[in-house]
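K.L.:
Residue numbers (the UniProt record's numbering), protein chains in the order written: chain A, 1 to 247; chain H, 1 to 188. Even for Gly, the Cβ is constructed at its ideal location relative to N, Cα and C. The structure follows.
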């Protein structure tokens with residue numbers, strides 16, 4: 001009589017088991033040479049089957065859509081399940097925290113607008129955040145993540161509409177210190193085309209924020225990214241991407 | 001022709017060479033799309049599969065190692081996994097079909113061997129047609145539908161304990177027929 005686990009090969013191959021069951025089967029695989037051989041055999045025996053597919057023409061725009069989606073992801077992001085879970089768990093309290101301070105920032109935006117006199121970019125400071133006015137409509141919120149997996153680094157971009165104008169309110173916590181003369185540049189990226197969307201320098205605690213008035217030209221963006229640059233509002237990023245998030 | 005070798009192109013892709021990525025994309029677009037379509041029976045889902053596979057290929061979430069075997073087999077495997085995930089999510093493809101159905105053959109002229117895989121298809125199709133109906137059905141349920149052992153046992157009306165044996169037998173029979181049919185380019 002074979003061990004119970006040997007009967008799970010098909011379900012393992014097809015991924016119909018829970019992750020615990022799969023992990024258990026993988027432990028079994030290390031001990032059971034017969035299952036290892038059968039699994040390798042299944043892989044070889046099924047290798048030709050995809051070629052049974054009848055050719056179907058993909059739509060002509062597919063390639064460009066996929067390339068845009070791939071390139072707008074920026075730097076490689078490794079998805080390792082265990083690390084991802086740990087990240088989610090550790091990010092939880094921070095999300096709560098940033099929600100609270102975000103409403104302060106939104107209030108700051110309205111206050112800032114009164115003072116802005118048509119300026120596109122308003123640098124936020126702590127005292128402005130204390131004023132609360134809630135007349136904006138939150139349209140969309142994008143969470144940005146560190147491209148290097150730095151878990152203490154978080155940022156959110158909220159897109160708000162006020163009196164027909166759209167604003168992006170961006171705030172970030174846990175930003176690494178930058179050298180004198182360097183700045184954090186925010187980009188709205190549409191496919192491969194980046195548009196500078198304001199810049200800021202963080203305070204001594206590594207917090208930074210900015211408000212950017214979204215113009216009609218940059219409405220169709222799909223990615224928000226932050227790079228470190230030596231000069232503001234370049235036509236394309238030169239420095240490395242620190243944070244990125246997709247719509 | 002080393003430049004055109006998949007593994008070399010993949011190395012360049014991993015070093016963020018867009019040209020290499022696009023060459024691999026062009027080489028496999030139609031095969032992967034057709035395969036994803038065969039599994040999902042839906043163009044929209046097949047496009048989502050393609051996007052997931054290629055974005056993860058580019059950003060390094062799916063990382064190929066030559067120890068995993070041929071690049072093409074690996075790419076087809078991750079495509080199958082994603083396509084099967086999608087049909088589980090949208091579970092609407094319950095019906096069984098036989099694999100020698102001749103639907104949806106495009107009228108494109110064959111471009112090259114990988115892009116159109118015409119010879120492979122004809123060889124495999126003819127080998128499949130030599131399998132009996134039960135064997136075709138078990139391969140379809142197992143490979144193209146990704147059903148669990150339990151579900152295959154119910155659909156085929158065979159005891160759970162014999163499902164694996166039937167799948168292996170059908171696949172081995174297919175492989176033997178292919179070998180007899182003159183396929184020379186695969187590893188023993």
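Give every residue of the same chain whose Cβ lies closer than 7 Å to the Cβ of residue 82 (chain H), excluding the five residues on either side of it in the sequence, and list them in chain order.
P.N.:
So the list reads 49, 52 and 53, once near-sequence residues are dropped.
K.L.:
According to DSSP, which residues form a beta bridge with residue 187 (chain A)?
P.N.:
A:196 and A:225
K.L.:
Residue 41 (chain A): which of H:181, H:177 and H:171 sits nearest, CA to CA?
P.N.:
H:171
K.L.:
Could you name the residues of chain A that residue 25 (chain H) contacts, counting a contact when the two beta carbons are closer than 8 Å?
P.N.:
63, 66 and 67
K.L.:
Would you tell me roughly how many angstroms separate the C-alpha atoms of residue 158 (chain A) and residue 189 (chain A), rounded to the nearest one?
P.N.:
15 Å
K.L.:
Output, in chain order, the set of chain H residues within a Cβ distance shorter than 8 Å of residue 73 (chain A).
P.N.:
55, 58 and 59
K.L.:
Please classify residue 54 (chain A): does DSSP put it in a helix, a strand, or coil?
P.N.:
The answer is coil: DSSP assigns residue 54 (chain A) none of H, G, I, E or B.
K.L.:
Against chain A, does residue 71 (chain H) count as a neighbour if the rule is that its beta carbon must be under 8 Å from one of theirs?
P.N.:
no
K.L.:
Would you report the Cα separation of residue 192 (chain A) and residue 221 (chain A), rounded to the nearest angstrom?
P.N.:
10 Å
K.L.:
Please work out which residues of its chain come closer than 7 Å, Cβ to Cβ, to residue 142 (chain H), disregarding the five sequence neighbours upstream and downstream, and give them in chain order.
P.N.:
By the criterion of a C-beta distance shorter than 7 Å, residue 142 (chain H) is surrounded in its chain by 152 and 167, once the five residues flanking it on both sides are discounted.
K.L.:
For the segment 34-50 of chain A, list every residue whose C-beta sits within 9 Å of some C-beta in chain H, in sequence order.
P.N.:
So the list reads 38, 41, 42, 43, 44, 45, 46, 47, 48, 49 and 50, given in the order they occur along the chain.
K.L.:
I need the DSSP call for residue 90 (chain H), collapsed to helix, strand or coil.
P.N.:
Looking at residue 90 (chain H) - three-state DSSP - the assignment turns out to be coil, as it is neither helix nor strand.
K.L.:
When the Cα of residue 142 (chain A) is compared with those of A:39, A:244 and A:28, which residue comes out closest?
P.N.:
A:244
K.L.:
Anything in chain H within Cβ reach of residue 10 (chain A), meaning under 8 Å, just list it in chain order.
P.N.:
142, 148, 149, 152, 163, 164 and 167
K.L.:
How long is the line joining the alpha carbons of residue 52 (chain A) and residue 173 (chain H), rounded to whole angstroms?
P.N.:
16 Å
K.L.:
In angstroms with no decimal places, state the Cα-to-Cα distance between residue 8 (chain H) and residue 17 (chain A).
P.N.:
35 Å
K.L.:
Starting from the beta carbon of residue 124 (chain H), find every residue of chain A whose beta carbon is closer than 9 Å, and list them in chain order.
P.N.:
48, 49, 51 and 52
K.L.:
Can you find a C-beta in chain A that's less than 8 Å from the C-beta of residue 89 (chain H)?
P.N.:
no
K.L.:
Beta carbon of residue 28 (chain H), beta carbon of residue 64 (chain H): below 8 Å?
P.N.:
no
K.L.:
Which chain A residues are close to residue 158 (chain H), counting only those with a beta carbon under 8 Å from its beta carbon?
P.N.:
Near residue 158 (chain H) there are no residues of chain A at all, since even the closest Cβ is about 13 Å away, more than 8 Å.
K.L.:
Does the pairing of the segment 54-66 of chain A with the segment 29-42 of chain H give three or more beta-carbon distances under 8 Å?
P.N.:
yes
K.L.:
Does the structure place the segment 162-181 of chain A close enough to the segment 197-217 of chain A that three or more beta carbon pairs sit under 8 Å?
P.N.:
yes
K.L.:
Exposed or buried, residue 165 (chain A), counting other C-beta atoms within 10 Å across all chains shown (16 or more means buried)?
P.N.:
exposed
K.L.:
Relative to the ligand FAD, is the shortest distance from any of its heavy atoms to the C-beta of residue 199 (chain A) smaller than 7 Å?
P.N.:
Within the structure as shown, the ligand FAD is missing, as the structure has no ligands at all.
K.L.:
Within this structure, are the beta carbons of residue 199 (chain A) and residue 183 (chain A) separated by less than 8 Å?
P.N.:
yes
K.L.:
Can you give me the Cβ contacts of residue 20 (chain H) inside the same chain, cut-off strictly under 6 Å, excluding the 5 residues immediately before and after it?
P.N.:
9, 12 and 13
K.L.:
Does DSSP put residue 141 (chain H) in a helix, a strand or coil?
P.N.:
helix
K.L.:
Can you find a C-beta in chain A that's less than 8 Å from the C-beta of residue 30 (chain H)?
P.N.:
yes
K.L.:
Any beta carbon of chain A sitting closer than 8 Å to that of residue 81 (chain H)?
P.N.:
Answer yes: the Cβ-Cβ gap between residue 81 (chain H) and chain A drops below 8 Å somewhere.
K.L.:
Residue 172 (chain A) versus chain H: which residues are under 7 Å apart at the beta carbon?
P.N.:
Neighbours of residue 172 (chain A) on chain H: none; closest Cβ ~22 Å, over 7 Å.
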